[in-house]
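First comes the structure, then the notes that go with it.
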Amino acid sequence: MAPRKTTEDGPTHRVGHLLAWADETAKSAAWAVFMADEEWTEIKRVTGAEHGKLVGTIADRLLVPTSYAPALLHALEHEASRGLVRLRHPLPL
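Going by my numbering, the sequence shown opens with residue 11, and the numbers climb by one from there.
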């Protein structure tokens, strides 16, 4: 994944990722697994000890395709049908 950050001035930047889920249940399950992952927990702990808190907050922004974006809708449906729940395209917040 190639995250992007905002260009806002100040001590805090926002990083965004565009993820696709088959449904709300799949999203909730995947996030629960990720947040409980031992490797991720250790990365946060070590990085936080050295550089300060790595992740302040996580905010969901649910996006749905518009009726005039059929190519995107088709791509998302195709990925979901194959069991792939992530698009590897970053979305700056």
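Using N, Cα and C, we set each Cβ at its ideal position, and we do this for glycine too.
Here the structure is a predicted model, which means the values were calculated and not measured.
Assigned with DSSP and collapsed to three states, L29 falls in strand. Around the CB of L86, 16 or more other CB atoms lie within 10 Å, so the residue is classed as buried.
Taking the CA atoms as reference points, G26 sits about 22 Å from E48.
The beta carbons of A42 and E89 sit no closer together than 8 Å. In this structure, the alpha-carbon of I68 lies about 16 Å from that of A39.
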